[in-house]
Structures are given as structure tokens and as C-alpha cells.
Amino acid sequence: MTNTNSLKNNSLFVVQTSNSQTTSSVDDNNSSILIIDDSHKPTLLSFNDQITIAETVMFSDLFPDSKIAQQFSMQSKTNFLRYVTCNLIAMNQSMEGRPPYPPFTNESAIEKVRAAEDAWNSRDPHRVSLAYSENSRWRNRSEFVNGREAIVGFLQRKWTKELDYRLIKELWSYDENRISVRFAYEWHDDSGNWFRSYGNENWEFNGQGLMTRRYASINDLPIKEEERKFRWILGRRPDEHVGLTELDL
418 MTNTNSLKNN SLFVVQTSNS QTTSSVDDNN SSILIIDDSH KPTLLSFNDQ
468 ITIAETVMFS DLFPDSKIAQ QFSMQSKTNF LRYVTCNLIA MNQSMEGRPP
518 YPPFTNESAI EKVRAAEDAW NSRDPHRVSL AYSENSRWRN RSEFVNGREA
568 IVGFLQRKWT KELDYRLIKE LWSYDENRIS VRFAYEWHDD SGNWFRSYGN
618 ENWEFNGQGL MTRRYASIND LPIKEEERKF RWILGRRPDE HVGLTELDL
């Protein structure tokens, strides 16, 4: 049985089974608990690979003294269970959506913008992609991106090029299910050249709060390293850090 509240609300979560032989960190006579760290995102496995590994996990648990069980390492089992758990999280979030939901108020629109900023500052393509519907459509600069899988690929390429990326978004306007934002982010290329990229985005959401359309227009301004304004430790912008208006950007 999966504890879905733990899965949804924690970076460490618990998967509980009725089989005492399941890979675990805590065992008793009736159950076992496996703690899995969500900070490691798995590579998507093909259906055949999923079946093969699942069968191996089951066989090695049923016959722990067999050669298969001895050859199938604890790490392999943990990686597979992590893969399954991460996909359960994605499925759960897709079913429940992503609050706040439309129709938006000024407060909920600001919350939505900050949530998007935080996700993008994580530079985690999988995390970012979960805010978008499965069939989400983008125009980013001159590139057109369709679907969540393509979004992940786009973001992986983006953050391979745009290094030490730091972003600030700011609400511009909103209506029932649409939000417009302006943003700026600073980054450098692999030659150490710094840029500040300025942009505007138009977002449209479905009833689950997932973004179905995103249109982004962006321009890159070369800057000197000493002209940088975004200097917080990589990751989420601290609450006390000023926004674009205060920075006069």
C-alpha cells in the first residue's frame, strides 16, 4: 500500500508492502518499509524493460537463494522501486492537478507565478514539466514544443547551454484562466560569457491548474560579470531577495 500523502508532500517518502522480503530499511514480521529519495530522477524505461526488471524483482524475492537473486543487486532493486514511485507521484499530480486553480484572483495569480519561478530555478526538467498538461503547447522564442515529453527534452538542452541559471518572474496581468508575466534571468555560456535574458510569457490553464499553452518572447543582453544582479545561491530565490521592479529591470 502506498502512502500517497507522504509521496505528495515530502522529498523522502515511504512505500509499504505486505512482503517482509521486499527491499527495506526497516523490517518486522508483517511489513517492510522502503525509504526512497526523490532527488534522483530516473531515466524513462521502455515497457519491456519495466516488465523484465519487475519480473526479476519478484523472482529474487520469491527465491532469495537463487543465482538470479544473488546477481540482482540491492541497488538495482532500489533504482527500480524509485522509478516506480516517481512515476506514481507524476500520475498522482496529473490526476489532482496543480493548485491554485482558475479562476484566478490577484493573490492566486501571484502564487502561481512564484511557483513557476521556483520550479524553473530548480533546473529540474522533470519537476518543471509536471506543471504542464500532457498535451501542452509552447512557443519559446522561435522553437515550438508540443507535449510533456518534448518539454523535458527542451529543458534538458536549455540548461546544458544556459549555465548558473537564475530567474525572477513577475505578474503582469491575469484573467479567469490566463496569466501574463514578465521575467529576466541571468546565465553564462561554456566560455564564461554572461547574459541577462528579458522576456514576456502568456499562459493558459485548464481546470486542473495545469498549463496548456505557453508563449514566450525572449531577448538576450550580453553583460559583464560585475553587472550581474542575481547572485543568490543556485536554487530558489530567497524570500527577502527583491524582484524585478525593485531592481529596476
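So in the working numbering, spot 133 of the sequence shown is number 550, and the numbers just go up one at a time. Where a beta carbon is used, it is the ideal one built from N, C-alpha and C, also for glycine.
With 16 as the cutoff for other CB atoms within 10 Å, does residue i come out buried or exposed?
i	result
residue 626	buried
residue 457	Because the pLDDT of residue 457 is 44, which lies under 50, any placement of that residue in the model is unreliable, and the number read from its coordinates should be weighed accordingly. Looking at its Cβ environment, which holds fewer than 16 other Cβ atoms inside 10 Å, residue 457 is exposed.
residue 664	exposed
residue 659	exposed
residue 639	exposed
residue 529	buried
residue 643	exposed
residue 613	buried
residue 603	buried
residue 540	buried
residue 558	exposed
In chain order, what residues of the same chain have a beta carbon less than 7 Å from the beta carbon of residue i, not counting five sequence neighbours either side?
i	result
residue 533	548 and 586
residue 569	542, 543 and 546
residue 652	538 and 539
Determine the extent of the alpha helix (DSSP H) in which residue i is found, giving its start and end residues.
i	result
residue 530	523-539
residue 644	Element bounds for residue 644: n/a, residue is neither H nor E.
residue 576	565-578
residue 545	542-546
Relative to the C-alpha of residue i, which residue among the options is closest?
i	options	result
residue 656	535, 520, 518 and 524	535
residue 630	519, 523 and 553	553
residue 564	577, 546 and 636	546
residue 550	526, 566 and 540	566
residue 615	577, 524 and 635	635
residue 608	591, 578, 574 and 582	578
residue 526	651, 653 and 591	591
residue 573	558, 559 and 544	544
residue 611	628, 637 and 661	637
residue 517	652, 628, 539 and 666	628
residue 524	582, 589 and 514	589
residue 641	514, 575, 560 and 605	605
residue 601	661, 581, 560 and 654	661
Between residue i and the rest of its own chain, which residues show a CB-CB distance below 6 Å, the 5 nearest in sequence each way excluded?
i	result
residue 632	556 and 619
residue 571	562
residue 646	664
residue 667	Residue numbering for the chain in the displayed model covers 418 to 666; residue 667 lies beyond these limits and cannot be assessed.
residue 666	601
Residue i lies in the beta strand (DSSP E); which residues open and close that run?
i	result
residue 518	Here residue 518 belongs to no beta strand (DSSP E), and DSSP marks it neither H nor E.
residue 637	628-640
residue 557	549-557
residue 618	611-622
Assuming contact is defined by CB atoms lying nearer than 8 Å, are residue i and residue j in contact in what I supplied?
i	j	result
residue 537	residue 584	yes
residue 621	residue 595	yes
residue 623	residue 597	no
What does a CB cutoff of less than 8 Å around residue i pick up in its chain, not counting 5 residues either side in sequence?
i	result
residue 593	519, 520 and 521
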